[in-house]
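Asks: My questions will all concern the structure given below.
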Amino acid sequence: MPYQIYESRESFYSKVRELTEISKSNNIFLNTKLEKTSRRDPKLLRWLKWLVSLLPNVHLAQTSPLKVAQEVAKFAEKHQKFLGKKDQLDLIEVVEVLKTRCHSFARGKEKKFDNVLHKIQTLVPAIEYSHTLCDLPQEIFEGVLSYIGSNDYENCMKVNTGWNQTIVKIAQRKEVSLVSHFIRFAMAHCGSQATPFLFEEKFYLRNFLAFKASAQPEKRLTYLKNIKNTLDFSKLTTIAQLKGHIYSEKIKFLIAVCSFYRRDLEVLNEQAKGMEFPWLFHDIFKPEINNQSYMLNGIAKLMEQGLYDKVAEIADLIDENHDSLIDLTLELALRKQLPQAIKIANRIHRDKREETFKSICILLIINDQCGAAIKVAKKVKRKDLLESICEHLLRFSSKLAEDKQFDKALAIANLIFDERIKDDAFSSISASLARLQHLEEATRIANMISHGYNKSFALSDISRLLAKTHQLDKALVVANAIPSKDVKSKVLVEIS
39 MPYQIYESRE SFYSKVRELT EISKSNNIFL NTKLEKTSRR DPKLLRWLKW
89 LVSLLPNVHL AQTSPLKVAQ EVAKFAEKHQ KFLGKKDQLD LIEVVEVLKT
139 RCHSFARGKE KKFDNVLHKI QTLVPAIEYS HTLCDLPQEI FEGVLSYIGS
189 NDYENCMKVN TGWNQTIVKI AQRKEVSLVS HFIRFAMAHC GSQATPFLFE
239 EKFYLRNFLA FKASAQPEKR LTYLKNIKNT LDFSKLTTIA QLKGHIYSEK
289 IKFLIAVCSF YRRDLEVLNE QAKGMEFPWL FHDIFKPEIN NQSYMLNGIA
339 KLMEQGLYDK VAEIADLIDE NHDSLIDLTL ELALRKQLPQ AIKIANRIHR
389 DKREETFKSI CILLIINDQC GAAIKVAKKV KRKDLLESIC EHLLRFSSKL
439 AEDKQFDKAL AIANLIFDER IKDDAFSSIS ASLARLQHLE EATRIANMIS
489 HGYNKSFALS DISRLLAKTH QLDKALVVAN AIPSKDVKSK VLVEIS
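For the sequence shown, the positions run 39 to 534 when our numbering is used.
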């Protein structure tokens with residue numbers, strides 16, 4: 039069977055509409071799989087496809103008008119249990135378009151086309167045709183759906199997935215207007231205050247050290263204005279995406295007004311009665327959601343949905359001293375969203391910024407992203423933090439060596455920028471190789487150690503192992519390469 043068999047009236051009806059739209063287009067064509075294609079097959083290719091199609095269980099999509107028409111008839115017959123009168127008329131029209139528009143290909147085959155048309159015409163529709171919303175002209179359909187409330191978007195999608203594109207388009211326009219209007223409403227309240235905007239310090243400290251310059255009304259107005267001016271839902275293609283973006287705007291708004299005096303929230307709630315709220319904004323003034331826990335949970339939800347850019351936008355509203363910025367940074371790094379993590383980390387107060395970058399480096403090292411960790415480490419200047427990063431690289435390199443991943447262990451050891459710790463990494467790799475009797479490779483790595491005393495101990499261990507395996511000549515060569523005279527003489531005595 040070259041085409042899909044549909045199991046529901048809705049999916050069958052959607053396919054009939056698709057066939058009708060393709061048949062009317064001048065730029066695309068139907069093929070025998072009842073799919074669209076951008077060009078017709080040339081004569082030689084048509085002949086070759088016909089030849090191959092003689093093989094059992096082989097079907098190549100062909101654009102021959104007659105063959106396509108025959109498949110349309112089979113499609114109608116196979117789905118007769120879903121066939122309505124209008125579907126029948128639509129499929130007849132598809133075949134007639136194939137016949138008239140492709141006359142150069144169909145010449146001499148009119149009777150065969152008539153047979154196809156007769157086959158569809160004689161099918162008895164199983165469903166009496168009745169008008170549905172989908173059959174309305176698009177402009178009327180949009181008008182009808184524009185009256186649905188925000189909470190009904192998802193319900194309408196469940197009724198008919200074919201409405202998706204129209205509902206999304208309507209919802210985009212409607213919601214951006216509602217959110218924008220709602221923010222203007224809050225800004226008007228801010229601007230109407232004769233005295234500086236009231237600010238309850240205890241409430242603020244108890245709930246969320248979040249909003250930058252929270253006690254300055256003009257700053258708050260600026261941030262609300264920025265939220266309004268950056269609203270853009272135009273690139274969203276599904277209701278689920280729209281819901282996620284509106285939720286992020288809700289969290290932004292909550293953070294921007296989190297330091298409002300409780301009385302102001304009550305006034306705003308009273309003034310908003312009768313106003314149409316944006317989707318998900320119905321509880322915006324309730325005290326139980328104007329708190330740190332709700333906002334951080336909201337950010338976590340956005341993170342789970344993969345809306346990392348939105349998380350970064352929200353982070354820009356959070357005070358530079360707040361620990362939640364550090365948590366967001368590390369969570370983004372853990373999810374391999376390094377650009378956003380670094381962007382947020384750069385906003386953290388300088389007293390904690392380098393510590394945060396160090397933590398990002400360690401997370402990256404643990405997750406086997408050592409190259410990225412080294413790049414982030416360039417933002418760290420404190421010697422103790424840099425040493426800590428190198429120590430983690432050392433531990434990771436040593437663990438890889440223990441797991442016999444020597445090439446990778448060596449690559450990471452070479453990334454270490456502290457020479458003393460790098461020597462420790464080379465020593466660890468060399469020792470792991472030596473324990474497995476890879477003594478030549480162990481010697482090569484040991485000779486990469488820069489500090490003479492560390493190199494001496496590494497080479498002395500290898501020399502002893504060579505002697506134990508009766509490779510005395512090689513043991514003497516390694517022993518004579520030991521930089522420390524004391525260690526060298528001791529080893530030579532032992533292996534002689």
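Note that the Cβ used here is the ideal one computed from N, Cα and C, for glycine as well. Given the structure is predicted, the values throughout are model-derived calculations rather than measurements.
#1: How should PHE235 be labelled, buried or exposed, when 16 other C-beta atoms within 10 angstroms of its C-beta is the threshold for buried?
#2: Rounded to whole angstroms, what is the Cα-Cα separation between TYR242 and ASN329?
#3: So what does LYS74 bridge to, in DSSP terms?
#4: How big is the Cα-Cα spacing for ASP128 and ILE277?
#5: Per DSSP, what kind of secondary structure is ILE60 in: helix, strand or coil?
#6: Going by C-alpha to C-alpha distance, which of HIS508, LEU514, THR507 sits closest to LEU497?
#7: Tell me which residues share the same chain as LEU372 and place their Cβ nearer than 8 Å to its Cβ, disregarding the 5 neighbours each side in the sequence.
#8: Determine the direct distance from the alpha carbon of GLY282 to that of GLN343, and round the result to whole angstroms.
#9: May I ask you to list the residues that DSSP assigns as paired with ILE403?
#10: Counting pairs of beta carbons, one from the region 116-130 and one from the region 148-159, are three or more of them closer than 8 Å?
#11: Taking Cβ positions, are LYS62 and VAL133 nearer each other than 8 Å?
#12: Compute the Euclidean distance between the alpha carbons of LYS419 and CYS399, then round it to the nearest angstrom.
#13: Where HIS489 and ALA439 are concerned, what is the direct C-alpha to C-alpha distance, given to the nearest angstrom?
#14: Spatial neighbours of SER272 within its chain, please: CB distance less than 7 Å, with the 5 preceding and 5 following residues excluded, ordered by chain position.
#15: Quick check: the Cα distance between ALA350 and ARG222, rounded to an integer number of angstroms?
#16: Ignore the nearest five residues each way along the sequence and tell me which others in LEU423's own chain have a CB closer than 6 Å to its CB.
#17: Mapping the DSSP letters down to three states, classify GLY344 as helix, strand or coil.
#18: Are the Cβ atoms of ILE322 and GLU287 separated by less than 8 Å?
#19: Using a threshold of 8 Å, state whether the C-beta atoms of ILE352 and ILE293 are closer than that.
#20: What is the DSSP secondary structure of GLY122, reduced to helix, strand or coil?
#21: Is it buried or exposed, LYS290, if we count other Cβ atoms within 10 angstroms and call 16 or more buried?
#22: Could you give the DSSP three-state label for ILE322: helix, strand or coil?
#23: What do you reckon, are the CB atoms on LEU504 and LYS512 nearer than 8 Å?
#24: Mind checking which residues open and close the alpha helix (DSSP H) that includes SER468?
#25: Which complete alpha helix (DSSP H) runs does the region 490-532 hold, if anything under 4 residues is left out?
#26: Suppose you measure from the CA of LEU262 to the CA of ILE205; what does that come to, to the nearest Å?
Replies: Short version:
#1: Because the pLDDT of PHE235 is 41, which lies under 50, any placement of that residue in the model is unreliable, and the number read from its coordinates should be weighed accordingly. So PHE235 ends up on the buried side.
#2: Low confidence applies here, because TYR242 scores a pLDDT of 41, under 50, leaving its location unreliable; read the following figure in that light. One C-alpha to the other measures close to 9 Å.
#3: LEU68
#4: 30 Å
#5: helix
#6: LEU514
#7: LEU401, ASN405
#8: 8 Å
#9: Partner(s): none; ILE403 has no beta bridge.
#10: yes
#11: no
#12: 13 Å
#13: 21 Å
#14: GLN210
#15: 23 Å
#16: GLU392, LYS396
#17: coil
#18: no
#19: yes
#20: strand
#21: buried
#22: coil
#23: yes
#24: 457-473
#25: 490-506, 510-518
#26: 28 Å
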